[in-house]
Amino acid sequence: MEIADLIDREIAARLGPDSTFEQRQEMAAAVMAEAITQLQLADPRGEG
Numbered sequence: 015m016e017i018a019d020l021i022d023r024e025i026a027a028r029l030g031p032d033s034t035f036e037q038r039q040e041m042a043a044a045v046m047a048e049a050i051t052q053l054q055l056a057d058p059r060g061e062g
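Take a look at the structure:
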């Protein structure tokens, strides 16, 4: 899936190759939260 690949690449760029599973999972959640926030701010119909 294209979105998952983008998230994986972003996680790798931020954490590097020696990150733990837990670190990657936490970073995945953070990346998704950032993406959702950006979508909300960019939506002219939204409240952001």
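Residues 15 to 62 in this note's numbering are what the sequence shown lists, from first letter to last. All C-beta atoms, glycine included, are put in the ideal place defined by N, C-alpha and C.
- Counting along the chain, the unbroken alpha helix (DSSP H) around residue 46 starts and ends at 35-56.
- According to the DSSP assignment, residue 19 belongs to the alpha helix (DSSP H) that extends over 16-29.
- Straight across, the Cα-Cα distance linking residue 37 with residue 47 is about 15 Å.
- Looking at the backbone, the Cα of residue 40 and that of residue 34 are separated by about 10 Å.
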